[in-house]
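Chains as they are written, first to last, in the working numbering: chain P, 1274 to 1405; chain A, 1274 to 1405.
Let me begin by presenting the structure, written as structure tokens, before commenting on it.
Number of protein chains: 2
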Amino acid sequence: MNIGAAATRSGVPAKTIRYYEDIGLIPKAGRTAAGYRAYTDADVETLKFIQRARSLGFSVKDVGDLLALWRDRERASADVRRIAEGHMAEVERKIAELETIRLTLRTLIEGCHGDDRPDCPILDRLAPGCCG
Amino acid sequence: MNIGAAATRSGVPAKTIRYYEDIGLIPKAGRTAAGYRAYTDADVETLKFIQRARSLGFSVKDVGDLLALWRDRERASADVRRIAEGHMAEVERKIAELETIRLTLRTLIEGCHGDDRPDCPILDRLAPGCCG
DNA sequence: CTTGACCTTCCCGCGACTGGAAGGTCAATT
DNA sequence: AATTGACCTTCCAGTCGCGGGAAGGTCAAG
């Protein structure tokens, strides 16, 4: 299977597959006589694995670690879990940060009449002590 | 005032101030005879404005637009509000995305016993139909 | 035998910085 | 007067995870 077919089947764009090969996330693909990369069904499964992990927000580095564990039949599930917990902590941190921002924005937007007059609590908040 | 003092007072790192000048977010600073950038208190206020807007997650492009409105005494608060609303929508979109991820991760982590055995619902989820 | 869809490598760009190298300047101390 | 060390300057490269596009080779269909 050529890279285009592997891309369609896995959901990972061809350019991204080449990139993953480049950075060593996946091993170098075999080549046809003409130099085309050749993929097997197993390769597509790996790509799907990567695609799902990425869509859960795991970093490419984490995905590499998860891939290694996936391939390792002797793995300890604790290792997998540790990676997932680390990622979830990061996700929760980001959510908290965004929630704080959202609350602030909501308050500011509610206070802004939003007409053609210049006075605006949003700008006042960004420049306290300066123009107000 | 030199860039270091402006950085300390505004909370924007010196490197970042130079970067902002480079990309045109702030006008080119005046120079001393020796070629050092010179900043006024008003410049520091501008940098503080930028710092606060960035800490609310506004893109540098949005910050540029907000700065222009801030400087415009004839502005319509509706324009400011529009920018804030656009940003809040984006923040809410990201929160929703992260919440979905968080829920999935929590479920997966809860299902993973996390010991030295290899079976793991997290990997099963990433590779369905492959190893289980 | 040509067309058009595929494939290859290559390098550049994004956003928003951050780090570091190589060199100039300034104020204080010896 | 010389030196030290903290500052400043420019420029280049790297981060992360790709995407765009150029220049060229390959392949199957018509």
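For each residue, glycine too, the CB sits at the ideal point set by N, CA and C.
A quick note: this is a predicted structure, and the numbers were derived from the prediction, not measured.
Assigned exposure category for residue i - 16 Cβ within 10 Å defines buried
{"i": "His-1360/P", "result": "buried"}
{"i": "Leu-1354/P", "result": "First, the residue type needs correcting, since residue 1354/P is Arg and not Leu in the sequence shown. Buried: at least 16 other Cβ atoms inside 10 Å."}
{"i": "Lys-1410/P", "result": "Absent from the model: residue 1410/P. The displayed extent of chain P is 1274 to 1405, so no value can be given."}
{"i": "Gly-1330/P", "result": "buried"}
{"i": "Arg-1346/A", "result": "exposed"}
{"i": "Arg-1390/P", "result": "exposed"}
{"i": "Leu-1376/A", "result": "exposed"}
{"i": "Ser-1310/P", "result": "Before going on, a small fix: residue 1310/P reads as Arg here, not Ser. It is buried - the Cβ of Arg-1310/P has at least 16 other Cβ atoms within 10 Å."}
Beta carbon proximity, residue i to chain A, threshold 7 Å
{"i": "Leu-1327/P", "result": "Inspection of the sequence shows that residue 1327/P is occupied by Arg rather than by Leu. No - not a single Cβ of chain A is within 7 Å of the one on Arg-1327/P."}
{"i": "Ala-1357/P", "result": "yes"}
{"i": "Gly-1330/P", "result": "yes"}
{"i": "Val-1364/P", "result": "yes"}
Interface flag, residue i vs chain P, CB-CB below 7 Å
{"i": "Ile-1368/A", "result": "yes"}
{"i": "Leu-1371/A", "result": "yes"}
Interface residues of chain A facing residue i [CB-CB closer than 7 Å]
{"i": "Val-1353/P", "result": "Cys-1385, Cys-1393, Ile-1395 and Leu-1396"}
{"i": "Ala-1400/P", "result": "Glu-1318, Phe-1322 and Trp-1343"}
8 Å Cβ cut-off: residues of chain P touching residue i
{"i": "Ala-1349/A", "result": "Asp-1388, Asp-1389, Arg-1390 and Pro-1391"}
{"i": "Met-1361/A", "result": "Arg-1375, Leu-1378, Arg-1379 and Ile-1382"}
{"i": "Arg-1346/A", "result": "Pro-1391"}
Interface residues of chain P facing residue i [CB-CB closer than 9 Å]
{"i": "Leu-1339/A", "result": "Ile-1395, Leu-1396 and Leu-1399"}
| field | chain P contacts from the segment 1374-1392 of chain A (Cβ-Cβ distance under 9 Å) | value | Ile-1374, Arg-1375, Thr-1377, Leu-1378, Arg-1379, Leu-1381, Ile-1382, Cys-1385, His-1386, Gly-1387, Asp-1388, Asp-1389, Arg-1390, Pro-1391 and Asp-1392
| query | Would the segment 1290-1299 of chain A and the segment 1341-1352 of chain A be scored as touching if the rule is three or more Cβ pairs under 8 Å? | reply | No, the segment 1290-1299 of chain A does not touch the segment 1341-1352 of chain A.
| field | Contact the segment 1318-1326 of chain P vs the segment 1276-1290 of chain P: 3+ CB pairs below 8 Å | value | yes
| query | So, do the segment 1362-1382 of chain P and the segment 1365-1379 of chain A have three or more beta carbon pairs nearer to each other than 8 Å? | reply | yes
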